[in-house]
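Numbering (the UniProt record's numbering), first residue to last: 1 to 295. All C-beta atoms in this analysis are idealised placements derived from N, C-alpha and C, irrespective of residue type, glycine included.
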């Protein structure tokens, strides 16, 4: 005798089967294309792209490490990568295959737990996660987080409070002091910086490291102007000896409409270029590279 029943109409049942099939296919395709498994939320912006491609920013990372940084890989193997604003550990997991040590800083407690799961899942012995934020002083602050769609948009800037769904008290560390406590750490060869408008404080706190080790600095910028704009960030780096700037961009004509860009893709395929520039254009750039010497 049936006690209770949940019935799905045929369209709803077929939708579930289709979603399950697509999810299984994406998982297999992503696992085949990525060197590691990343713990993530599939409804989060970064999580969706990890589910789809196995890794967030996978094409950019391949372009940089297979092409742009090819001549520096030997130095990377004996050095350290800093992942400042590490989020859930996507980039750190990639860096672990190229650097002797990876030191990651991430204050968001939700991201920290996902990061730790990825470290355990992939048995990463050369990744150290410090669950605090980098600044130019030790102290405390509020991290304003967006828990509904983009964990990567969390920020220490007060301007982010209005759009936050939750704020967490976090500890601030001065970067140079935090690294000095890590005895025997190899020279820093690369700094990846993604701190949503808090770049200046993080760079000031790393000034000694930047002057002494002269690592590549890779950062994100939403535009040219404002406190977190590429103009002011590059001015800070130029005072520290960083004379060369590069941007990573696709070969699409951004002035063209969507249809024309699609036709260009059909005709030419998809390419990423690393371009030497005096100053990045006033728009979003996911990866701007600053270097003391020419790449």
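Check your understanding: Between residue 135 and residue 196, is the Cβ-Cβ spacing less than 8 angstroms?
Key -> No.
Taking the straight line between their C-alpha atoms, what separation do you get for residue 211 and residue 109?
The straight-line gap from Cα to Cα measures roughly 31 angstroms.
Could you have a look at residue 225 and say whether DSSP puts it in helix, strand or coil? Three-state DSSP puts residue 225 in coil, outside helix and strand.
ask   = Taking the alpha carbon of residue 265 as the point to measure from, which residue in 273, 274, 251 has its own alpha carbon closest?
value = The shortest Cα separation from residue 265 among 273, 274, 251 belongs to 251.
Practice prompt. Taking only runs that begin and end inside the region 29-67, name each unbroken alpha helix (DSSP H) of 4 or more residues, in chain order.
Written response: Listed in chain order, they are 45-53, 58-63.
| field | Coil, strand or helix - residue 205 by DSSP | value | Helix, per DSSP.
For residue 164 versus residue 145, is the C-beta spacing smaller than 8 angstroms?
In contact: residue 164 and residue 145 (Cβ atoms closer than 8 angstroms).
*Tell me whether residue 227 is buried or exposed, calling it buried when 16 or more other Cβ atoms sit within 10 Å of its Cβ.*
Flag for residue 227 reads exposed.
Q. Does the beta-carbon of residue 189 have 16 or more other beta-carbons within 10 angstroms, so that it is buried, or is it exposed?
A. The residue in question, residue 189, is buried, as its Cβ has 16 or more Cβ neighbours within 10 Å.
Between the region 63-70 and the region 170-182, do at least 3 Cβ pairs fall closer than 8 angstroms? By the criterion of at least three beta-carbon pairs nearer than 8 angstroms, the region 63-70 is not in contact with the region 170-182.
Let me know if residue 13 comes out buried or exposed under the rule of 16 or more other beta-carbons within 10 Å of its beta-carbon.
Counting Cβ neighbours within 10 Å, residue 13 comes out exposed, since fewer than 16 surround it.
_Distance between beta carbons of residue 293 and residue 244, contact taken as under 8 angstroms_ = Contact holds; Cβ gap of about 7 angstroms.
Item to check | Given 8 angstroms, three or more beta-carbon pairs between the region 86-93 and the region 37-45 | outcome: These segments touch.
For residue 91, report the span of its alpha helix (DSSP H) as first-last.
90-95 is the span of the alpha helix (DSSP H), which, as asked, contains residue 91.
| said: What residue range does the beta strand (DSSP E) around residue 296 cover? | reply: This structure leaves residue 296 out entirely; the chain is present only between 1 and 295.
Item to complete: Return helix, strand or coil for residue 139, following the three-state DSSP convention.
Response: Strand.
**Asked** Hey, would you say residue 143 sits closer than 8 angstroms to residue 115, going by beta carbons?
**Response** In this structure, residue 143 keeps its C-beta atom at 8 angstroms or more from the C-beta atom of residue 115.
State the beta-bridge partners of residue 246 as determined by DSSP. In the DSSP output, where bridge partners are listed per residue, residue 246 has 276, 289.
| query | Does the region 122-130 touch the region 227-238, meaning 3 or more C-beta pairs lie closer than 8 angstroms? | reply | The region 227-238, when compared against the region 122-130, does not touch it at the 8 angstroms Cβ threshold.
Could you please give the first and the last residue of the uninterrupted alpha helix (DSSP H) stretch that includes residue 109? For residue 109, the uninterrupted alpha helix (DSSP H) segment begins and ends at 109-122.
(message) Rounded to whole angstroms, what is the Cα-Cα separation between residue 262 and residue 206?
(response) In this structure, the alpha-carbon of residue 262 lies about 42 angstroms from that of residue 206.
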